[in-house]
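J.: For reference, the structure I am asking about is given below.
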Amino acid sequence: MTKTWHGPLRTVIIASMLLGFVSPLTAHAAEEIYVYDSYTSKSSGVRLYSVSQVDGDKYINAVIARQPDGTYAKWQEPFQYFRKNDKGMLQLTGKDDPEQAYMYDTQSQSIVRQSDYTLSPDGRWGILERSRYARVPANTSDTLYEYTAKFNDQYLRNTATGKVSVYHSTTSYYHALWINQHTLLESGYNEAARQNVISTYDPSTGKRHELLKGTLNNWNLTKGILQYVKNEPKRQPWIYSLKDGSSRLVKDSSELEVLFPVSPSPKPEASLPQDMVLKDLPVMEMPITLAYEYNVNLDGASVDVSTIFSEGGQDWIPVKPLAAALGWKLEVMNITQTGDPSAAYIYKITNNGRAAVLTPVNSFNLASRLYIAPAQLKELGYKSIKLTPYLK
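Per mature numbering (1 follows the signal peptide of the UniProt record, and there is no 0), the sequence shown runs over residues -29 to -1, 1 to 363.
Here is the structure:
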């Protein structure tokens, strides 16, 4: 939930917007500016551009704003680009950041740090993909040697309860989108079937239903049809009906164009000064709002955290904000001296003389962000552990 100064909604403004006098542009020749995307606020008249420019041996990216008075300024670091998403917001960083992603909220005209869930049509559920790297042990017939694999974890949030869980994890291709009110249409590699499968998943029941074996290439939910290829050498395009479960071969390429039309990409609106030099633009410090999903209360000490999620029936709580707020000492231990050389990492947390050692066996590591379980919190001496979600 968003952080404000009072009540459950407490907003922390990290920086204030400096909309004062803007110095004129440096008047000298510069490389042409390339505009990737643009946005214009109908209410304020402010125009935003996601741009880049070659400056000598450097490649400069920036988000620049044109004020109603015609002056230009660029956003502060590290915000160097944006891309529009289908929810009316501007995405500023990657979505799989475990410390949440930065978005530009076009309504409040501020930068928001939040978990960017894609909500179901009825708003009851949200999904989000994050990636992580983990070691895969050599203990099966398929893994003769230990290796590090990239896992794509699919997070599911129940908006009524605030509970977040990893409902699917794979090292292979996986894609999901909402159909109907809160049904997920999935396409990915099925480990048990050893081939690509298209299925549906109902988060309210936790049940998955296989539609067909194949790979999803396109869809038209308005018409209730999917375009897919079977798991065979010819890879011919087929049409599947979500209404009656029937399949048929595509007649020709022209039929595909009619059934699955491609929306033209809008050209960014841009009318920038020819002599603009990005490095010389003044910096506009944008306000940043932090959105929290959970509050952690340990023996009366309250700490807001970006998220808490369950995986394999275990709740995982981020270590970094707890350590900062509660004064924990965090040490990286030498793996070769601990007697467990197979461990990918070993951390020791100390709290007022009590200690807990975290390894891949009893913790969760997501993109170098460490998560702890309630059992280890008790090792650190905490008796009362309360995890409370913020609900909108």
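Glycine is no exception: its CB is placed at the ideal position from the N, C-alpha and C atoms. This structure is a prediction, so every number in the text was calculated from the model and none was measured.
#1: Quick one: complete alpha helix (DSSP H) runs, 4+ long, within the segment 279 to 342?
#2: Mark R206 as exposed unless 16 or more other C-beta atoms lie within 10 angstroms of its C-beta, in which case mark it buried.
#3: The beta strand (DSSP E) with E181 in it runs from where to where?
#4: Taking 8 Å as the cut-off, decide whether the C-beta atoms of I343 and I288 are in contact.
#5: What residues are listed by DSSP as bridge partners for G27?
#6: Would you check if the segment 238 to 255 and the segment 79 to 96 touch, i.e. whether three or more CB-CB distances between them fall below 8 Å?
#7: Which runs of the beta strand (DSSP E) at least 3 residues long sit entirely within the segment 132 to 195? Give them in chain order.
#8: For V229, name the three-state secondary structure that DSSP assigns.
#9: With 16 other CB atoms within 10 Å as the buried threshold, where does G298 fall?
#10: Please check the pair L348 and L269, which I expect to be a contact at CB under 8 Å, by giving their CB distance rounded to whole angstroms.
#11: If we count the other Cβ atoms within 10 Å of its Cβ and call it buried at 16 or more, is P360 buried or exposed?
#12: Using the C-alpha atoms, what's the distance from K238 back to V34?
#13: Using the DSSP secondary-structure output, state which residues sit across from D124 in a beta bridge.
#14: Just to confirm before moving on: does the CB-CB distance between Q80 and S15 stay below 8 Å?
#15: Just to confirm before moving on: does the CB-CB distance between L183 and I169 stay below 8 Å?
#16: If contacts are defined as beta-carbon pairs under 8 Å, then I82 and L99 qualify, I think. What distance do you get, rounded to the angstrom?
#17: Between the beta-carbon of Q51 and the beta-carbon of Q71, is there less than 8 Å?
#18: Hey, out of I259, Y144, G97, whose CA is closest to F122's CA?
#19: Mind checking N336: buried by the 16 CB within 10 Å criterion, or exposed?
#20: Assign E264 to buried or exposed, taking buried as 16 or more other Cβ atoms, counted over all protein chains shown, within 10 Å of its Cβ.
#21: For V25 and M247, I'd like the C-alpha separation in whole angstroms.
#22: Quick one: what does DSSP say S224 is sitting in, helix, strand or coil?
#23: So, is A131 buried or exposed, given that buried needs 16 or more other C-beta atoms within 10 angstroms?
#24: With DSSP as the reference, identify every bridge partner of R219, one or two as the case may be.
T.: If we stick to the structure as given:
#1: 290 to 297
#2: exposed
#3: 178 to 184
#4: yes
#5: For G27, which the question treats as bridged, DSSP gives no partner whatsoever.
#6: no
#7: 135 to 141, 145 to 150, 154 to 161, 166 to 173, 178 to 184, 186 to 191
#8: helix
#9: exposed
#10: 7 Å
#11: buried
#12: 17 Å
#13: R101, S140
#14: yes
#15: yes
#16: 19 Å between Cβ atoms; not a contact.
#17: no
#18: Y144
#19: buried
#20: buried
#21: 12 Å
#22: helix
#23: exposed
#24: I210
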